[in-house]
Amino acid sequence: MNMTQREELMKTLHECMEACNYCYDACLQEDDVNMMANCIRTDRECADFCGYTEQALARDTPFAEELLRACAVICRACADECRQHDHDHCKYCAEKCEKCEEACLAFTA
52 MNMTQREELM KTLHECMEAC NYCYDACLQE DDVNMMANCI RTDRECADFC GYTEQALARD
112 TPFAEELLRA CAVICRACAD ECRQHDHDHC KYCAEKCEKC EEACLAFTA
């Protein structure tokens with residue numbers, strides 16, 4: 052992966068992290084927070100992992116492929132969870148997670 056590709060992937064990871072954090076916070080404001088518990092949990096996992104992966108890529112980690120494969124799995128799980136809800140923040144998060152999953156998979160062997 053060249054520098055431009057890495058920067059673009061890092062941008063996608065960052066956007067996904069931001070969308071997950073936004074969704075997490077918005078879920079906490081919903082009337083039935085208990086119904087949103089799994090979405091909140093998955094948002095946090097995805098945001099944290101995307102953030103870590105972005106940082107690791109900035110350091111040119113030798114574990115890029117492993118992290119990107121795991122990140123794709125987590126992004127898929129988050130997208131699937133968010134797709135179960137009708138809230139705009141969940142729909143937005145699902146879109147960003149799907150985009151991030153695709154970007155991560157594009158750089159794995």
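So in this note's numbering, the last spot in the sequence shown is 160, and the numbers never skip.
All C-beta atoms in this analysis are idealised placements derived from N, C-alpha and C, irrespective of residue type, glycine included.
Close beta carbons around Glu152, own chain, < 6 Å, minus the five adjacent residues each side: Closer than 6 Å at Cβ, skipping near neighbours: Ala123, Cys126, Arg127.
How long is the line joining the alpha carbons of Glu58 and Thr112, rounded to whole angstroms? Our two residues, Glu58 and Thr112, have alpha carbons roughly 14 Å apart in a direct line.
Could you tell me the distance, in whole angstroms, from the CA atom of Asn89 to the CA atom of Thr63? Rounded to the nearest angstrom, the two C-alpha atoms are 23 Å apart.
Ignoring anything shorter than 4 residues or poking outside the segment 89–158, list the alpha helix (DSSP H) runs there in chain order. Every alpha helix (DSSP H) of 4 residues or more that sits fully in the segment 89–158 is shown, in chain order, as 115–133, 139–157.
Can you tell me whether Asn72 is helix, strand or coil according to DSSP? In the structure shown, Asn72 falls within a helical segment according to DSSP collapsed to helix, strand and coil.
Take Met61 and list the residues in its own chain whose beta-carbon comes closer than 7 Å to its own, dropping the five residues that flank it on each side. Counting only residues of its own chain and dropping the five nearest sequence neighbours on each side, Met61 has a CB closer than 7 Å to the CB of Glu105, Leu108, Ala109.
Count the CB pairs spanning the segment 93–105 and the segment 70–83 that are closer than 8 Å, and state whether there are at least three. Output reads yes: the segment 70–83 touches the segment 93–105.
Is the CB-CB distance between Tyr103 and Leu119 below 9 Å? No.
For Phe114 and Ala121, what's the separation of their Cα atoms in angstroms? In a straight line, the C-alpha of Phe114 is about 11 Å away from that of Ala121.
With 16 other Cβ atoms within 10 Å as the buried cut-off, status of Lys147: That one is buried.
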